[in-house]
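Step one of this worksheet: look at the structure below.
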Amino acid sequence: MGILKGPLSARRYTVLGEPPEGFRITYTEALNAFAFHEPASKTKTEEVHGWVLSQNLLDNDFNDLEQWLFNHYAIFQVRTDVKRLPGNYFKAHLEKECQAWCEAEGKERIPRNIKQELKDNLEFEWLTRIFPTVRTTEVCWNMAEGYVLFHSHSDKANDTFRKLFLQTFSLELRPVNPLDLLPIELADALEQTGGTDLRMES
Amino acid sequence: MEDERAVLGHLPADFLTWIWFTTEKSGGSLILEEVGGIDCYVDDRIAFRAMEDDKSRAVLTGENAANTLEARAALAGGRVVKEIRLMIKREDREYSVSLRGELLEISGAKLPGMVKGAVEEVLYDRMYLYEELHGIVTALLTRYATERVAEDWKEVRVPEMRAWVADALASVTGVRSP
């Protein structure tokens, strides 16, 4: 689901500034610089973000302009990967390992440092084996009109996107406020009004 | 580029209620500047919140959700509209869309038709339709704002809207206010 198909749910932004002369080359380099890459460490649990093409989330090569620039529209995705251990399941396995250690050592309680060591080893083993959760969110930039659509209403996802956009293109994004859609005088006058109370008068 | 404006807290609720009232009063047919004639009516979802907070207090769904006793009672009792689902038709193109949140964001918009083909063709088609929908919402907002700041809003429009709420409640309960 996204900008190209399915129901559309997007936050609209005004782009503060314009693409520079020669943006095709500049932005190709920038997108490649901030493209998504799988982390070197297979046990990394922090979120990893980057740009991928809209056609396939495995494609992170922006050298072919025809894959992401269509006249005045630039379209691509933010990909976010994160590895998470399945909480209760992991805890249950760790408890079993701790019990096994106690039985082997003839101890009633496992020392904290040993338990931590077992936990670290189990985490390492599991994290190298599990796949990340992969999330993608489409972006459409209308460069002629100076607006961007980001296909998510999540504040967290939008914060991540705005930071990545700024890092990549050195352009800030401002969420479109309904007042921005009105002529200035009308917006000014509307700002002086209050809410309308339709409660029954007693 | 102008300075960033603060979000106007009461604007979404006021605007969404105005759409509901205006489309019902006009039988769903409106003529908007910049856009021309459209058909617009509240579809199958309307959500309310208390005036003081953003949590949904009542969500009504189903055919004619806006014409239910619960919907009118919510307004009459001081709840405000938080989200509304609209059906909009312009010429032969039909849109279904929710407007929600303090930014009046487009949500779950079903765009008409679907060009199948290369990414480019699909993109141009989708963006053309999105921009039409955005233009219609902007035109509705402009019309609302023009009426809202007019001198007769308090003396004429607000009593009309209160009567609209009261009449609808009365038609369902059979009780009219004195």
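If you're matching them up, the sequences are chains A and B in order. Everything in the first sequence is counted per the numbering used here, starting at 32 for the first residue and increasing by one. Everything in the second sequence is counted per the numbering used here, starting at 992 for the first residue and increasing by one. Cβ coordinates follow ideal geometry from the N, Cα and C atoms, glycine included. Here the structure is a predicted model, which means the values were calculated and not measured.
Do residue i and residue j have their CB atoms nearer than 7 angstroms?
i: glutamate 18 of chain A; j: threonine 45 of chain A; result: There is no way to answer for residue 18 of chain A, as the model of chain A reaches only from 32 to 233.
i: glycine 1069 of chain B; j: arginine 55 of chain A; result: no
i: valine 1156 of chain B; j: leucine 1066 of chain B; result: yes
i: isoleucine 1075 of chain B; j: valine 1033 of chain B; result: yes
i: lysine 146 of chain A; j: cysteine 129 of chain A; result: yes
i: tyrosine 1086 of chain B; j: phenylalanine 1006 of chain B; result: no
i: threonine 1129 of chain B; j: leucine 212 of chain A; result: yes
i: valine 207 of chain A; j: arginine 43 of chain A; result: yes
i: glutamine 98 of chain A; j: leucine 84 of chain A; result: yes
i: phenylalanine 93 of chain A; j: threonine 59 of chain A; result: yes
i: threonine 74 of chain A; j: phenylalanine 155 of chain A; result: yes
i: alanine 66 of chain A; j: glycine 81 of chain A; result: yes
i: valine 113 of chain A; j: threonine 164 of chain A; result: yes
i: threonine 1140 of chain B; j: alanine 220 of chain A; result: Note on identity: in this sequence residue 1140 of chain B is valine, with threonine being the wrong assignment. Cβ atoms of valine 1140 of chain B and alanine 220 of chain A: closer than 7 angstroms.
i: leucine 88 of chain A; j: threonine 168 of chain A; result: no
i: alanine 218 of chain A; j: histidine 103 of chain A; result: no
i: threonine 1052 of chain B; j: aspartate 1035 of chain B; result: yes
i: leucine 1102 of chain B; j: phenylalanine 101 of chain A; result: no
So is residue i in contact with chain B if we call contact Cβ pairs under 7 angstroms?
i: glycine 118 of chain A; result: no
i: aspartate 219 of chain A; result: no
i: asparagine 29 of chain A; result: What the structure shows of chain A is the stretch from 32 to 233, and residue 29 of chain A is not part of that stretch, so it cannot be assessed.
i: arginine 42 of chain A; result: yes
i: arginine 230 of chain A; result: yes
i: phenylalanine 101 of chain A; result: yes
i: tyrosine 104 of chain A; result: yes
i: threonine 74 of chain A; result: no
i: glutamate 49 of chain A; result: no
i: leucine 62 of chain A; result: no
i: threonine 224 of chain A; result: yes
i: threonine 168 of chain A; result: no
i: threonine 227 of chain A; result: yes
i: leucine 202 of chain A; result: no
Give the C-beta separation of residue i and residue j to the nearest angstrom, bearing in mind that I take them to be a contact with Cβ-Cβ under 8 angstroms.
i: phenylalanine 192 of chain A; j: phenylalanine 181 of chain A; result: 5 angstroms
i: isoleucine 1127 of chain B; j: isoleucine 1029 of chain B; result: 6 angstroms
i: tyrosine 1121 of chain B; j: leucine 39 of chain A; result: 6 angstroms
i: leucine 47 of chain A; j: leucine 202 of chain A; result: 6 angstroms
i: lysine 1016 of chain B; j: serine 1047 of chain B; result: The pair is not a contact, with the Cβ atoms about 26 angstroms apart (cut-off 8 angstroms).
i: leucine 1021 of chain B; j: glutamate 222 of chain A; result: Not quite, the Cβ-Cβ distance comes to about 25 angstroms (not below 8 angstroms), so this is no contact.
i: alanine 1064 of chain B; j: leucine 1160 of chain B; result: 7 angstroms
i: glycine 1099 of chain B; j: serine 1089 of chain B; result: 5 angstroms
i: leucine 149 of chain A; j: threonine 76 of chain A; result: In fact, because the Cβ distance is near 18 angstroms, the residues do not count as touching under 8 angstroms.
Is there a Cβ of chain A sitting closer than 7 angstroms to that of residue i, yes or no?
i: aspartate 1005 of chain B; result: yes
i: leucine 1023 of chain B; result: no
i: glutamate 1096 of chain B; result: yes
i: valine 998 of chain B; result: yes
i: leucine 1051 of chain B; result: no
i: leucine 1002 of chain B; result: yes
i: proline 1169 of chain B; result: Caution applies to proline 1169 of chain B, whose pLDDT of 49 falls short of 50 and renders its modelled position unreliable; the value that the coordinates give is listed next. Taking Cβ atoms only, chain A never reaches closer than 7 angstroms to proline 1169 of chain B, which makes this a no.
Return the bridge partner residues of residue i from the DSSP annotation.
i: histidine 80 of chain A; result: A:Thr111
i: methionine 1078 of chain B; result: B:Tyr1032, B:Ser1087
i: phenylalanine 101 of chain A; result: A:Tyr104
i: serine 1017 of chain B; result: In DSSP, serine 1017 of chain B forms no bridge with anything.
i: isoleucine 1037 of chain B; result: B:Leu1051, B:Ile1075
i: proline 142 of chain A; result: DSSP lists no partner for proline 142 of chain A.
i: isoleucine 1022 of chain B; result: B:Gly1028
i: proline 206 of chain A; result: A:Tyr44
Chain A contacts from the segment 1099-1111 of chain B (Cβ-Cβ distance under 9 angstroms): Gly1099, Ala1100, Lys1101, Leu1102, Met1105, Val1110, Glu1111
Contact residues within the segment 1109-1132 of chain B, judged by C-beta distance below 7 angstroms to chain A: Val1110, Glu1111, Val1113, Leu1114, Arg1117, Met1118, Tyr1121, Thr1129, Leu1132
Short-range partners of chain A found in the segment 1136-1164 of chain B, where Cβ spacing is below 7 angstroms: Ala1136, Thr1137, Arg1139, Val1140, Val1149, Met1152, Arg1153, Val1156, Ala1157
Residues of the segment 1064-1091 of chain B whose Cβ lies closer than 9 angstroms to any Cβ of chain A, in chain order: Leu1066, Ala1067, Gly1068, Gly1069, Val1071, Ser1087, Val1088, Ser1089, Arg1091
Short-range partners of chain B found in the segment 178-195 of chain A, where Cβ spacing is below 8 angstroms: Cβ contacts with chain B come from Leu180, His184.
Proximal residues, the segment 1034-1046 of chain B versus chain A, C-beta separation under 8 angstroms: Met1042
Residues within the segment 83-95 of chain A neighbouring chain B, beta-carbon criterion of under 9 angstroms: Ser85, Gln86
Near-chain B residues of the segment 150-174 of chain A - C-beta to any C-beta below 9 angstroms: Cys171, Asn173
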